[in-house]
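>
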Amino acid sequence: PRGLGIASHLGLLLDVPTIGVAKSRLVGEGREPEAHRGAAAPLLWQEQVVGWILRTRAGKKPLYVSPGHRVSLEDCRVITLGSLGAYRLPEPLRRADHLSRGLRRAQKPESGKPGWKNR
Numbered sequence: 410p411r412g413l414g415i416a417s418h419l420g421l422l423l424d425v426p427t428i429g430v431a432k433s434r435l436v437g438e439g440r441e442p443e444a445h446r447g448a449a450a451p452l453l454w455q456e457q458v459v460g461w462i463l464r465t466r467a468g469k470k471p472l473y474v475s476p477g478h479r480v481s482l483e484d485c486r487v488i489t490l491g492s493l494g495a496y497r498l499p500e501p502l503r504r505a506d507h508l509s510r511g512l513r514r515a516q517k518p519e520s521g522k523p524g525w526k527n528r
């Protein structure tokens, strides 16, 4: 990793503010945040704070949030918390995730066909 993820790439390309949000950690380390909604712990990579380990629902696994383009470290945490609905993922990401899973199911050929990994 070079410190420039897809959120940064898209933000630069489209010149819009972006935030990176992931369900799993790509790089870095940090402690688990407290169990309540909104709890955050710094995500460190090469001794620098590069994002947050952010609890978006009490007792659920945290998300990994980082500034993409034209968004500060603190703003990415605040904006992510502000974009939450009733679910763990921010609403725009949850909808995209739901749509992509539906498209994947629609494209899945009959099981046993070569080239498709059954999951």
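FYI, the numbering for the sequence shown is 410 to 528, going by this note's numbering. Ideal Cβ placement from N, Cα and C applies to all residues, glycine included.
May I ask you to list the residues that DSSP assigns as paired with GLU438?
Numbered from its first residue, the sequence shown carries residue 438 at position 29. Note: GLU438 sits in a beta bridge opposite LEU453.
> How do the region 453-473 and the region 506-516 stand: do at least 3 beta-carbon pairs fall below 8 angstroms, yes or no?
No, they do not touch.
> Identify which residue in GLY468, TYR496, LEU472 has its Cα closest to the Cα of LEU435.
Along the sequence shown, one-based indexing puts residue 435 at 26. Minimum Cα distance to LEU435 is reached at LEU472.
> Have a look at ARG479, LEU423, ASP506 and flag the residue whose alpha-carbon is nearest the alpha-carbon of LYS432.
Locating residue 432 in the sequence shown gives position 23, counting from the first residue. Cα-wise, what sits closest to LYS432 is ASP506.
> Considering only the alpha carbon of each residue, which of GLU483, PRO476, LEU490 lies closest to LEU413?
Within the sequence shown, numbered from 1, the residue matching residue 413 stands at position 4. Nearest to LEU413 by C-alpha distance, out of GLU483, PRO476, LEU490, is PRO476.
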